[in-house]
Each structure stands twice: as structure tokens, then as C-alpha cells.
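> Okay, so the sequence shown: first residue is 19 according to the working numbering, each after it adds one.
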Amino acid sequence: MRAILRTQLAGVTRRPARMLLTGLAVLVASFVVYSTVLAQQITERSILNGLSGTPEAVGLVVRGGLIDNGHLDRISKLPGVAEATGRTEAGLDVNGEYLGLIADPGTGPLSVVTVTEGTFPDGPGQIAVTPRTVERLGLTLGATVNANAGTGKPVPVTIVGIVTPRDDFGFQGYAPASTVVKLTGFDTLNQIDVRLDGGADLDAVRNEITAVTGSGSAPDPTNGADDNGQTEVATGAGVRLDEAREAAGEVDQVFAVVGAFVAVAVVAAGLIAASTFRIVFAQRMRQLALLRAVGAGRSALARALATEGILTGLMAGLTGVAAALAVCHAIPLILGTFGWKVSSPGFPLLPALGTVALAVVITLVAVLAPAFSAARVAPLEALRNAATTGAKTGIGALRWVTGLLFALLAGGVAGYVATKLPGPDPENYDPMPMLLGVIASGGLAFIALIALGPVLVRPVLAVTGWPLRRLGPVGRLAVGGVGGSARRAAAVSVVVALGVTLVAGVLVGGASIRTLADRELAAAAPADFELTSAEGKPLPAALTGRVTANTDLTRVTPYRRVDAVRVAATGGTAGALEDVSATDLAAAGLPRLADLAAVSGSIDDLKPGSVVLGRFVADLAGLSTGDTVVAFTGDRSADGRSADGREVPLRVVAVLSDMAPLHTGLLMDPADLTALGAPAAATGILADAARDGEDGRTAGLQAMRQSYAGQSGFRVDVLADQRDQMNTALTVLLAIALVLIGLTVLIAVVGVGATTALSVVERVRESGLLRAVGMSRGGLRTMLTTESALYGVIGSALGIVLGIPYAWLAVLATGVNAPLALPVWQLAAVFVALVALTALAGVLPARRAARVSPVNALGSE
């Protein structure tokens, strides 16, 4: 055993490049795993050090119970207290818009804002606002506006300063606690922040404050206020730690999701490692045969090969950890040059050891099957060359049975999920079991793909390689090279297929959810702005005219809305659907309404005497397209007619997939809405900004507000912000998912490069023969690069075929009523990108093969 092991290790020492290529995928996986650990350390330490909401200078925090400005005055005068400030908030109505007024000292170490223009308020009726609040609420420095804090009496307040907080949400104002208390009329504080003198005894000051506030005892500094509402005194450090832990808890949830994707990447690395070990062992058959011929036992040879794999994993793990440390420790230094302060990750020793151990385990698991397979080869058969061994394309009966069994299991689980899919708007539906079923079915299908891969490669290659065969000898040789080593091609392509399946699933699922979001936003936010009266009363005709005439606005669309409509099937006297909202919003007036989808009928058929129903109305009333309904207001008399005579018979011409525009249930013709008693004047106005960008939106918002300048009782909602928030959230989630899945794709590409490199190293004679019979260096490079690209073609084709149906099944299993969308161009871009990446992975090995002299190549072993 020792002699065999020394022989194997000597071979590794002579050819270290082979070990590097064999363990490259494991190295990348180790780097990804440990980098994830270090990234979490950087994030959590940065939160603990700088993202707490309580200023670092706060020594004690008084909170809970009933505390007021009297407590604040007495605490400020206590020995050892350098400064104390009260914290409280008030909600103000300013020009019909919400403004959150927050108490802050404005200056000093206890302040959470920085004055950028003007001064911080120092007198009654003065406030400061944030830059985005100035923009959104149309405020100016020095202006005086009326503010209502819910007391029923507007109070004039003056904007004396513009301040920058940590987070600017666009509706924040700041003032001393005394100003906030005076506006609300309630002398109550949420908490008191206390800064201590340099030599003050924290426990002594805390006891004094406890006596002032009437607390029974000094509580645990890391706890919040108790359930009895008792006032407590906590340390500032404890409060900051609580806040940081809450934020870090969210980070932990994010990194738990990241960990799931990293686990998939680790599995991919194991598959690549197993493939490369199989190639290496198959191409070292001459050496293995000689060892068997001189008396080496199968078990001893298998153990030696497994030991080689363990050493490969150890070296790959150590290198990956070292690389992750170097990169992650450089990140704070690089970001520091741009003014971004983040913490260093340190050196988590246990995760480092765990990562190295994981790398060893991955390679050990990966090497076992190839090692025992290589050790079983008889000496005479092993004396054949590597090309003969690598050309085996079939699979045994056991592998056939295993693959078909897992394929049947995958189909059975998928079929079960399909039979349990929920209908529209399911009640008490838990999607998690069905989603887990989709994941389980996908996992079983992937195992079947691994088992049946060599069989599937040839038909896929026959289709995808057809164009290459028409390009001449180089294309035919490339297709033949991949097809002649079906097992090798399957082993590498399956990992590419795993990455593409995940990418295709995210793209298809994301497109479906985005389509659903567009439909919902078309109903909820069909324009950039909405102008309404505060009490839902009709708008003055002059106001509508001013909005329509303003050049900063376009697609101005007045509409009417009636909220107390009842709907019943024709002839029904009971069971009417009550309190349904109806509108006559012109669908042709706003382009975004084109995203509204009808499950039956067409919105274009709307005319007098007809109606378009939201799906919830149709479901609750049991109506469908073609039915006749009666819409009425008020109660019905004994004879079934409307008591006030306002009823309209309507034919259903369409049922929408969700709500009707503006979250109503009925979309009607203006004449029919008038018959129901709707006022002649518009109850709301929708409009878009005439220019794109933030400047155009700000100008449009100011134009809407100027239309009722000097009048109260009106408000403008910026519906475009809702669209932006939704689109940004979807884009960020999709980008994060693609980046995480990119880990698997990266490892797959690395595996393609390693496989191509090993193939080039061991096919030197073949390359020399091709060069000797007249193939140019460029032709040889093209052939080998094309072979590498074909791994991407096969893997991408298999991945898309698997990814699309499973993504659709997952979307249906969520129960969110999302339509099934197919982003054809995005999937095509993924296909092309993967083929390009896998081709790029083969460029360097191909260049190396082309540089070898034909004479030297023909003379090599």
C-alpha cells in the first residue's frame, strides 16, 4: 500500500497541473463558501458598529411607561448627566400631505441629523425638513405652511432649515421636543436619551434616574420596556446592541437563503470533481495496469487513488480559504478609499477549518466511485490507451433502471402537485408543501439526468450539432470528439444543465410575477398622479380645466366613481352583492391600462348597457361573460325594484383577471354610471408627467398641486412611486437570485475549462496527428474551442427543457394567480451567454494544444 501510494504521489508531484485542474471546481466552491461566511461577518460587524439608530454618545435610555418633559428637566439637572434629550413624534397634515415630525436636538452628539441649509429650529412654530421632503411636498426654505396635528386647529409652521438624516423617506421633519409636544398638545415622550459626564458612575446615575421616574428597580440593560408599561432605564450600549441584533437578524435570514444557493454550488462542484477524477483515472490506465500487473491489489489501489483525492481536496480547500481571506480583507480597504466605512471580517477559524473539511469531504465523495471503478479494471484491459477507455458511451442495466426509476418518481411527484394546485384566490392555502414537492420532483429529475446523461447526449448532440457538421471538417471533428466521449460530455453538461435550469426557472418565474405585478399596477396605479378631494366630493370644473391645460402634464383623464353600488343577477330580489365600487374611467385614455387582462371577453366591447367585472365580483356573484346583471343603488322594494329608481340592466362583456381600475369592481360606460346617480363632475383626475425622469415627475407633481393652490380639501397621490417601488423590489430580487445562481454557473464553466484542459493534456498524440495530416494551428484551436462550447450547448438545451416546466409548476403552486410567461429573448440570451462562456473556458487549453510541435506530440505517450 505504501509503495503504491508513494508511486501515486510521485506522479502528482511530477504533474502538479493535473492536481490543480482536478481540484479547480472544489477550490472555487471553497472560495465561495468561505467568502459567504466572511461577507456575513463584514455585514454584521458593520451593522453593530455603525447602523444602530441610537447615537453612540447615549449612555442611558429612559423608556416605557409615562414620561414627559418634567422628567426630562429633572433628569437634565442630575449630577453626572451632561445632556438629555426627549424623543417623540407627531403626524402632521401639511397641504393635504403627511409629514412625520420627529423630536431631535439638532446639534451635538445626541443629534441624528445634520443641518445642510438654514438653521435648526430654536423657537415655537419652527421645523426643519429633509431634502426629499422639500421636493415631494413642494416646500421651500423660509416658507410658512399650515400644519394640523389632529387637534382640529391648523397651526402655522415655518421651514427654517434643511437637514440630512440617515434615511430620507421623503416625509420627515425635525424640531426640538418642546415644539413637537406643543403641536400635539400631549406632554408625553417616547424616551429620553442621556449623555453622561466623562467621570460619571453609570450605575449611580441610573439609580438616580430610576428614583426620578418612579421605576421599581433597574432592569436588565438589554431588555425593552416590560409588559406592565413600567418605566425603565437601559444602557445606551444595550439599546444599540438590541437594535443591531434586530438588523443582524434580518441579515441572518438573507444569508440563510444565500446558504441554500451555496449548497447547490457545492453539489455542482462535487459533480465536476467526480467527472474530472474519472477522466484523470481513465487516462492513467497504463500506469494503473502496470501496478496491477506487478501485484497491486484492487483495494490497495482504490485506497491510494482515494488518498490522492483527499490530498487534492485539502490543497483546494486551503487555497480557496486563503483566496477568500485575501479578497474579503481587501474589500474594506478598497471601499474606504471611496469614503464607505465597513468593518473587517477578521479570521473566523472554525468556519475556515469547516470549509477545508468540506472540501476534503467533497473530493472524497467525488473520488470514491472513479477510484473503485479504475481499480476494478483488469491489467490487460487497462493496457489499452485512454482514448479507447474514454470512448465508452453506453450505460449498464443498473444505471438504466436507476435513471428510469428516478424519472418516474419525478413525474409522479410533479403529477401529484399538478392535481393539488389551488384555484384563484384560495383560502387558507399553504403553498410551502406544494413548493417543496416541486423542489423534490426537480431533484429527482436531476438525479435521473445524471444517470441517463450519456444516453441523452447523443440525441441532443445530433440536433444541436447539425449546423456544425455543415461547416466543414473542423465542425465534424468537434461534434465527433464530444460524441465519442459521451460519458465525459454528460458529466460536464449535467452541471451546466443544473445552472441553466436554475437560471431559466428564475427568469420564467420572474417574468410571470412581473406580468402579475404589471396587471395589479395597471389597476392600482394606471397613471403617475391622482388628484381627489379629501372627502370624495366632485371636483370643481375649473380645477379640471387647469389640470388639463398645464403643459407639465399629459394624458389627463378625469373619471367618476360611485362606491355604494349593488349587483345582482337579472330577476334576483335577494343575495345581491353589496358595497361594490364602480367607475367610468376611459380605458383608452391611459396606456398602462392595456396591461389589464381579461380571463374572458374583451374590454374593448364596453359600451352603453354593458359592464366589465373584476374577477372577485364575478366569483362572489356567480357571474360570467354573457350574463345579464342589474346594478342599483339603495335598497330594493318588495317587488324587487330599486326603491329610488336607480337601477341599470347590464350585460357582462368581460371578466378581468383581477380588480377593475382604481381597485373598483365594475367598469361601466359613463351613461350607465350617470343613470346610477353619479354626479356630472369628475370625482378624480389621473395624469402622467409630460417629461421622463425625476425632474419631470417633480414638475408634474407641482403642477397638480398648483391647480388647487390656496384651496383646502384636495390631495395628490404620486402613484408612480408605487410602480417604482414594486419594479425596484422585483428587479433587486431577480438580480440577487441570478447572482446567487451564478455561483453554480461559475463552477460549471470552471468544470468545462478543467475538463477541456485535461482532455488537451491527455490527447497530445491526437492533436499531433491532426497537425501532421495538415490541420493548421487555427483549425486545431477552433476544433477544441468548439468542443468546449458544445458542452454549453448540450447543458443549456437540457437545462432550458427542465427549467421552464418546473418554473411554471412552481408559479402555479404559489397560488398567487400569476400568469405563465415565457421570456423568450432572455432565455435565448442565457443560452448564447452559456455557450460563449464555455467556449471561452476552452480557449487557453486550445491555444496550448496548438503550440505543441507535431513531431513532439506524435512521440509522446
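Don't be surprised by glycine CBs; every beta carbon is placed ideally from N, CA and C.
1) So, using beta-carbon positions, are residue 469 and residue 417 closer together than 9 Å?
2) Does the separation of the CB atoms of residue 562 and residue 699 fall below 9 Å?
3) Along the alpha helix (DSSP H) that carries residue 457, what are the first and last residues, could you check?
4) Near residue 111, which residues of its chain fall below 6 Å by C-beta distance, leaving aside the five closest residues on each side in sequence?
5) At a cut of 8 Å, does the region 376-387 reach the region 316-336 through at least three beta carbon pairs?
6) Going by Cα to Cα distance, which pick from 721, 693, 57 is closest to residue 706?
7) Can you find the residues in the same chain that come closer than 7 Å, C-beta to C-beta, to residue 537, ignoring five residues on each side of it along the sequence?
8) Does residue 538 come out as helix, strand or coil in the three-state DSSP assignment?
9) Kindly list the residues whose CB is nearer than 6 Å to the CB of residue 821, restricted to its own chain and excluding five residues on each side of it in sequence; keep chain order.
10) Can you give the beta carbon distance from residue 85 to residue 231, rounded, assuming they're within the 8 Å contact cut?
11) Cα-Cα, which of 573, 745, 184 is closest to residue 718?
12) In whole angstroms, what is the alpha-carbon distance linking residue 173 and residue 162?
13) Between the region 540-560 and the region 843-851, do three or more beta carbon pairs fall short of 8 Å?
14) Taking Cβ to Cβ, would you say residue 250 is nearer than 9 Å to residue 98?
15) For residue 850, does the three-state DSSP call read helix, strand or coil?
16) Would you check if the distance between the CB atom of residue 704 and the CB atom of residue 809 is smaller than 9 Å?
17) Could you check whether residue 670 and residue 642 sit closer than 9 Å to each other, using their CB atoms as the reference points?
18) Which whole-angstrom value is the C-beta distance of residue 584 and residue 634, which I expect to be below 8 Å?
19) Smallest Cα separation from residue 586: which of 595, 508, 499?
20) From the DSSP output, which residues share a beta bridge with residue 806?
21) Is residue 429 helix, strand or coil when you go by DSSP?
22) Is it right to say residue 185 is buried, meaning 16 or more other beta carbons lie within 10 angstroms of its own, or is it exposed?
23) Please report the distance separating the alpha-carbon of residue 102 from that of residue 734.
24) Please give me, in chain order, every unbroken run of the beta strand (DSSP E) with length at least 3 that falls completely inside the region 601-626.
25) Just how far apart, CA to CA, sit residue 258 and residue 50?
26) Quick check: the Cα distance between residue 463 and residue 802, rounded to an integer number of angstroms?
27) By the three-class DSSP mapping on this structure, what secondary structure does residue 127 have?
28) On the premise that residue 106 lies in contact with residue 195, defined as a C-beta separation below 8 Å, what is that separation, rounded to the nearest angstrom?
29) Give the DSSP bridge partners of residue 702, in chain order.
30) Mind checking who residue 211 pairs with in its DSSP beta bridge?
31) Rounded to whole angstroms, how far is the Cβ of residue 175 from the Cβ of residue 137, which I believe are closer than 8 Å?
32) Check this for me: beta carbons of residue 474 and residue 825, under 9 Å apart or not?
33) Can you list, in chain order, the residues of its chain with a C-beta nearer than 7 Å to that of residue 132? Leave out the 5 residues immediately preceding and following it.
34) Return the first residue and the last residue of the beta strand (DSSP E) that residue 74 is part of.
35) Tell me, please, which residues DSSP counts as bridged to residue 166.
36) How is the alpha helix (DSSP H) around residue 677 delimited, first residue to last?
Considering the structure as presented:
1) For the purposes of this step, residue 469 is taken as residue 451 along the sequence shown, with counting starting at 1. For the purposes of this step, residue 417 is taken as residue 399 along the sequence shown, with counting starting at 1. Cβ distance < 9 Å, so residue 469 and residue 417 count as in contact.
2) Position 544 of the sequence shown holds residue 562. Position 681 of the sequence shown holds residue 699. Yes, these two residues count as a Cβ contact at 9 Å.
3) Against the sequence shown, residue 457 aligns to sequence position 439. Start and end: 450-482.
4) Working through the sequence shown from its first residue, we reach residue 111 at position 93. So the list reads 166, once near-sequence residues are dropped.
5) yes
6) Numbered from its first residue, the sequence shown carries residue 706 at position 688. Nearest of 721, 693, 57 to residue 706, Cα basis: 721.
7) Counted from its first residue, the sequence shown places residue 537 at position 519. The residues are 613, 614, 615, 675, 676.
8) Translated into the one-based positions of the sequence shown, residue 538 becomes position 520. Residue 538 falls in the helix class under three-state DSSP.
9) Looking up residue 821 in the sequence shown gives position 803. Cβ within range, chain order: 519, 522, 523.
10) For the purposes of this step, residue 85 is taken as the residue at position 67 of the sequence shown. For the purposes of this step, residue 231 is taken as the residue at position 213 of the sequence shown. 6 Å between Cβ atoms; contact.
11) Numbered from 1 along the sequence shown, position 700 holds the residue referred to as residue 718. Among 573, 745, 184, the Cα nearest to that of residue 718 is on 573.
12) In the sequence shown, counting from the first residue as 1, residue 173 sits at position 155. In the sequence shown, counting from the first residue as 1, residue 162 sits at position 144. Those two C-alpha atoms are separated by around 10 Å.
13) no
14) Working through the sequence shown from its first residue, we reach residue 250 at position 232. Working through the sequence shown from its first residue, we reach residue 98 at position 80. No. Outside cutoff.
15) The residue given as residue 850 occupies position 832 in the sequence shown. Reduced to three states, the DSSP call for residue 850 is helix.
16) Looking up residue 704 in the sequence shown gives position 686. Looking up residue 809 in the sequence shown gives position 791. Their beta carbons are not under 9 Å apart, which means residue 704 does not touch residue 809 by this criterion.
17) Translated into the one-based positions of the sequence shown, residue 642 becomes position 624. Translated into the one-based positions of the sequence shown, residue 670 becomes position 652. Cβ distance < 9 Å, so residue 642 and residue 670 count as in contact.
18) The count along the sequence shown starts at 1 and reaches residue 584 at position 566. The count along the sequence shown starts at 1 and reaches residue 634 at position 616. With 8 Å as the limit, residue 584 and residue 634 do not qualify as a contact, their Cβ atoms being about 15 Å apart.
19) In the sequence shown, residue 586 corresponds to position 568, counting from 1. The shortest Cα separation from residue 586 among 595, 508, 499 belongs to 595.
20) To locate residue 806, count along the sequence shown from 1; it is residue 788. Note: residue 806 sits in no beta bridge, so no partner.
21) For the purposes of this step, residue 429 is identified with residue 411 of the sequence shown, where counting begins at 1. Of the three classes helix, strand and coil, the one that applies to residue 429 here is helix, per DSSP.
22) Position 167 of the sequence shown, counting from 1, holds the residue named residue 185. By the 10 Å Cβ count, residue 185 comes out exposed.
23) For this step, residue 102 is matched to residue 84 along the sequence shown. For this step, residue 734 is matched to residue 716 along the sequence shown. C-alpha separation (whole angstroms): 39 Å.
24) 616-619
25) As a first step, residue 258 is located in the sequence shown; it is residue number 240 there, counting from the start. As a first step, residue 50 is located in the sequence shown; it is residue number 32 there, counting from the start. Answer to the nearest angstrom: the Cα atoms are 31 Å apart.
26) Against the sequence shown, residue 463 aligns to sequence position 445. Against the sequence shown, residue 802 aligns to sequence position 784. Going by the C-alpha atoms only, they are around 31 Å apart.
27) The sequence position of residue 127 within the sequence shown is 109, counting from 1. Residue 127: coil per DSSP, three-state reduction.
28) Taking the first residue of the sequence shown as 1, we reach residue 195 at position 177. Taking the first residue of the sequence shown as 1, we reach residue 106 at position 88. Their Cβ separation, rounded to whole angstroms, is 6 Å, which keeps residue 195 and residue 106 in contact under 8 Å.
29) Walking along the sequence shown from the start, residue 702 turns up at place 684. In DSSP, residue 702 forms a bridge with 550, 577.
30) The residue labelled residue 211 in the question sits at position 193 within the sequence shown. Residue 211 is bridged to 79, 103.
31) Here residue 175 corresponds to residue number 157 of the sequence shown, with the count starting at 1. Here residue 137 corresponds to residue number 119 of the sequence shown, with the count starting at 1. Contact doesn't hold; Cβ gap of about 15 Å is too wide.
32) Residue mapping note: residue 474 aligns to position 456 of the sequence shown, counting from 1. Residue mapping note: residue 825 aligns to position 807 of the sequence shown, counting from 1. No; because the gap between Cβ atoms is not below 9 Å, this pair is not in contact.
33) The count along the sequence shown starts at 1 and reaches residue 132 at position 114. Counting only Cβ-Cβ distances below 7 Å, and skipping sequence neighbours, we find 181, 182.
34) Numbered from 1 along the sequence shown, position 56 holds the residue referred to as residue 74. Careful: residue 74 lies outside any beta strand (DSSP E) and carries neither H nor E.
35) Here the question's residue 166 lines up with position 148 in the sequence shown. According to DSSP, which records beta bridges pairwise, residue 166 is partnered with 111.
36) Taking the first residue of the sequence shown as 1, we reach residue 677 at position 659. Counting along the chain, residue 677 falls outside any alpha helix (DSSP H), and DSSP gives it neither H nor E.
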